[in-house]
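A.B. asks: Mind having a look at this structure? Questions to follow.
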Amino acid sequence: MTQERQRVLVARRLFPEISQRLAQHFEVDAYQEPEPLAPEALAERLQGCAGVLITGTERIDAALLAACPQLRAVCSMAVGYNNIDVSACTARRVLATNAPGVLTETTADFGFALMMAAARRISESEHWLRAGQWKQWSYDLFAGSDVYGATLGIVGMGRIGQAIARRGALGFDMKVAYHNRSRLSGADEAVVGAQYLALHDLLRVADHLVIVVPYTPQTHHLIGAAELALMKPTATLTNIARGGVVDDAALAQALHERRIAAAGLDVFEGEPRVHPGLLAVPNVVLTPHIASASLPTRRAMADLAASNLIAALTGGRPPTPLNPEVVA
Ligand code: GLV
-4 MTQERQRVLV
6 ARRLFPEISQ
16 RLAQHFEVDA
26 YQEPEPLAPE
36 ALAERLQGCA
46 GVLITGTERI
56 DAALLAACPQ
66 LRAVCSMAVG
76 YNNIDVSACT
86 ARRVLATNAP
96 GVLTETTADF
106 GFALMMAAAR
116 RISESEHWLR
126 AGQWKQWSYD
136 LFAGSDVYGA
146 TLGIVGMGRI
156 GQAIARRGAL
166 GFDMKVAYHN
176 RSRLSGADEA
186 VVGAQYLALH
196 DLLRVADHLV
206 IVVPYTPQTH
216 HLIGAAELAL
226 MKPTATLTNI
236 ARGGVVDDAA
246 LAQALHERRI
256 AAAGLDVFEG
266 EPRVHPGLLA
276 VPNVVLTPHI
286 ASASLPTRRA
296 MADLAASNLI
306 AALTGGRPPT
316 PLNPEVVA
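Letter by letter, the sequence shown follows residues -4 to 323 of the numbering used here.
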């Protein structure tokens, strides 16, 4: 008697090779529409599925798990996993995985690029040029702030934060200061000469602040009006972490009043909606959550999620589990 193949859902439109790889092991339902499945539609589509490959968008919570009792593995191609209730997964013995590591350098490149674009007013000046406003040279035309030799402040010194610190210290001779839940080892600090500071001290000294912390109840609005008020009027703020870590309304107000010079934002509260106050100010570079979006990296992220899913459902050892106690 042939054994029935397990069924898995690929919950977002992805590289066809990923479904082909999964199809060597499973019966694959590959969702193809560009917009994400709404929560009820996701639960419905997951009926009978043992596993699901998701992105950072699909919400996996206790209600969804209760509605999908056959689910054994939830494998995300994102590194951030605030969309997955890991405790609820563990309680139901559902393995959850994310995709750390493979996107570190690509995401750090983008964070650095956004910071530079904000500091040197690249988007703002390009819009002005395209609007036909360039008539003559002027000594202060789009004069911004320097990156080389400035103080880089990093909030969240995980893999990506450290990769940004290396770019700043080794490539741009920046002084690196950081705030993190836990302090790095002396050896890790020494790589970039990083100085650990309390958040409020970091806000006061940073010329360019880059935010790379995970989104949790503790980091909700970590940077709000009070924190922005501590920053230098010449400083920039770059957020490549998650919407909600920064209070976007407070940031829009600070940019409008030029209480900080500029911002670079790849993530937004309630994205894909963007706070109208941010759309209205010129001194912010806005990008649609693409920090990890090079093709090789997106392929590597999807591939890692597929490796996790295959291992989880075929008795292997998933490479990057969030709740490894479920594997044992
Ligand atoms: C992207 O935001 C990710 O978490 O991978």
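A virtual CB, placed ideally from N, CA and C, is assigned to each residue, including glycine.
Short check: CB of Pro319 to CB of Asn303, under 8 angstroms?
C.D. replies: For the purposes of this step, residue 319 is taken as the residue at position 324 of the sequence shown. For the purposes of this step, residue 303 is taken as the residue at position 308 of the sequence shown. No.
A.B. asks: Distance check for Asp202 and Val171, CA to CA, integer angstroms please.
C.D. replies: The residue you call residue 171 lines up with position 176 of the sequence shown. The residue you call residue 202 lines up with position 207 of the sequence shown. Roughly 10 angstroms between the two C-alpha positions.
A.B. asks: In three-state terms, what does DSSP make of His203?
C.D. replies: Counting from 1 along the sequence shown, the entry for residue 203 is found at position 208. If DSSP states are grouped into helix, strand and coil, His203 belongs with the strands.
A.B. asks: Just the Cα atoms here: how many angstroms apart are Ala185 and Glu100?
C.D. replies: If you number the sequence shown from 1, residue 185 lands on position 190. If you number the sequence shown from 1, residue 100 lands on position 105. Each residue's Cα considered, the two are about 20 angstroms apart.
A.B. asks: What span of residues does the alpha helix (DSSP H) with Ser302 cover, start to end?
C.D. replies: Your numbering for residue 302 matches position 307 in the sequence shown. Note, Ser302: alpha helix (DSSP H), 290 to 308.
A.B. asks: Could you give the residue range of the alpha helix (DSSP H) that holds Gly272?
C.D. replies: The residue labelled residue 272 in the question sits at position 277 within the sequence shown. Element bounds for Gly272: 271 to 275.
A.B. asks: With H, G and I counted as helix, E and B as strand and the rest as coil, what does DSSP make of Val240?
C.D. replies: In the sequence shown, residue 240 corresponds to position 245, counting from 1. Three-state DSSP puts Val240 in coil, outside helix and strand.
A.B. asks: Looking at Val207: is its Cβ nearer than 8 angstroms to the Cβ of Gly156?
C.D. replies: Your numbering for residue 207 matches position 212 in the sequence shown. Your numbering for residue 156 matches position 161 in the sequence shown. In contact: Val207 and Gly156 (Cβ atoms closer than 8 angstroms).
A.B. asks: Could you give the residue range of the beta strand (DSSP E) that holds Arg2?
C.D. replies: Residue numbering aside, residue 2 sits at position 7 when the sequence shown is read from its first letter. First-last of the beta strand (DSSP E) with Arg2: 2 to 5.
A.B. asks: So what does DSSP say about Val142, is it helix, strand or coil?
C.D. replies: By 1-based counting over the sequence shown, the position of residue 142 is 147. It is coil, neither helix nor strand.
A.B. asks: Residues in the same chain with beta-carbon distance under 6 angstroms from Thr52, minus the five sequence neighbours each way, listed in chain order, please.
C.D. replies: As a first step, residue 52 is located in the sequence shown; it is residue number 57 there, counting from the start. Excluding sequence neighbours, Thr52 sits near Pro31.
A.B. asks: Considering only the beta carbon of each residue, do Thr233 and Met152 sit closer than 8 angstroms?
C.D. replies: Along the sequence shown, read from residue 1 onward, the residue named residue 233 stands at position 238. Along the sequence shown, read from residue 1 onward, the residue named residue 152 stands at position 157. Contact flag unset, no.
A.B. asks: Using 8 angstroms as the threshold, is the C-beta distance between Arg87 and Leu60 below it?
C.D. replies: If you number the sequence shown from 1, residue 87 lands on position 92. If you number the sequence shown from 1, residue 60 lands on position 65. The answer is yes: Cβ separation under 8 angstroms.
A.B. asks: Cβ-heavy atom distance between Gly163 and the ligand GLV below 7 angstroms?
C.D. replies: Numbered from its first residue, the sequence shown carries residue 163 at position 168. No, the beta carbon of Gly163 sits no closer than 7 angstroms to any heavy atom of the ligand GLV.
A.B. asks: Between Pro34, Val276, His20, Gly46, which lies nearest to Leu4 when the distance is taken from Cα to Cα?
C.D. replies: For the purposes of this step, residue 4 is taken as residue 9 along the sequence shown, with counting starting at 1. Cα-wise, what sits closest to Leu4 is Gly46.
A.B. asks: At a cut-off of 7 angstroms, is Val74 close to the ligand GLV when judged by its beta-carbon and the heavy atoms of the ligand?
C.D. replies: What you label residue 74 is simply residue 79 of the sequence shown in a count that begins at 1. At least one heavy atom of the ligand GLV is nearer than 7 angstroms to the Cβ of Val74, so yes.
A.B. asks: Considering only the alpha carbon of each residue, which of Ala307, Tyr210, Val321 lies closest to Asn75?
C.D. replies: As a position in the sequence shown, residue 75 is number 80, starting the count at 1. Note that residue 75 is Gly in the sequence shown here, rather than Asn. The candidate whose alpha carbon is nearest that of Gly75 is Tyr210.
A.B. asks: Count the other CB atoms, across all protein chains shown, that sit within 10 Å of the CB of Asp135; report buried if there are 16 or more and exposed otherwise.
C.D. replies: Taking the first residue of the sequence shown as 1, we reach residue 135 at position 140. Burial call: exposed.
A.B. asks: Exposed or buried, which one is Leu299 when buried takes at least 16 other CB atoms within 10 Å?
C.D. replies: In the sequence shown, counting from the first residue as 1, residue 299 sits at position 304. The residue is buried, with at least 16 neighbouring Cβ atoms inside 10 Å.
A.B. asks: Using the beta-carbon count (16 or more within 10 Å), is Thr309 buried or exposed?
C.D. replies: Against the sequence shown, residue 309 aligns to sequence position 314. Per the 10 Å Cβ criterion, exposed.
A.B. asks: Could you pull out every residue in the same chain whose Cβ sits closer than 7 angstroms to the Cβ of Ala38, ignoring the five residues on either side in sequence?
C.D. replies: Against the sequence shown, residue 38 aligns to sequence position 43. Within the same chain, Ala38 has close Cβ partners Leu59, Ala62, Cys63.
A.B. asks: Identify the continuous beta strand (DSSP E) that holds His174 and give its terminal residues.
C.D. replies: As a working note, residue 174 is residue 179 in the sequence shown. Its beta strand (DSSP E) spans residues 170 to 174.
A.B. asks: Can you tell me whether Arg176 is buried or exposed? The criterion is at least 16 other CB atoms within 10 Å of its CB, across all chains shown.
C.D. replies: Taking the sequence shown and counting its residues from 1, the one referred to as residue 176 is at position 181. Exposed, by the Cβ-count rule.
A.B. asks: Since Gly68 is in the beta strand (DSSP E), which residue starts that stretch and which ends it?
C.D. replies: Taking the first residue of the sequence shown as position 1, residue 68 is located at position 73. With the sequence shown as reference, residue 68 is identified as Ala, and Gly is not the correct amino acid for it. 68 to 71 is the span of the beta strand (DSSP E), which, as asked, contains Ala68.
A.B. asks: For my contact list, Thr92 and Ser287 are in at a C-beta cut-off of 8 angstroms; report their separation, rounded to the angstrom.
C.D. replies: The residue you call residue 92 lines up with position 97 of the sequence shown. The residue you call residue 287 lines up with position 292 of the sequence shown. Going by Cβ atoms, the distance from Thr92 to Ser287 rounds to 16 angstroms, so no, they are not a contact pair.
A.B. asks: Among residues of its own chain, excluding the 5 on either side of Ala244, which ones have a beta-carbon nearer than 7 angstroms to its beta-carbon?
C.D. replies: In the sequence shown, counting from the first residue as 1, residue 244 sits at position 249. If we look at Ala244 and ignore the five residues flanking it on each side, its Cβ neighbours are His270, Gly272.
A.B. asks: Indicate, with yes or no, if the ligand GLV has a heavy atom lying under 7 angstroms from the CB of Ser287.
C.D. replies: The residue you call residue 287 lines up with position 292 of the sequence shown. The answer is yes for Ser287.
A.B. asks: Are there three or more Cβ pairs, one per stretch, closer than 8 angstroms when the stretch 234 to 242 is compared with the stretch 114 to 129?
C.D. replies: Touching, no.
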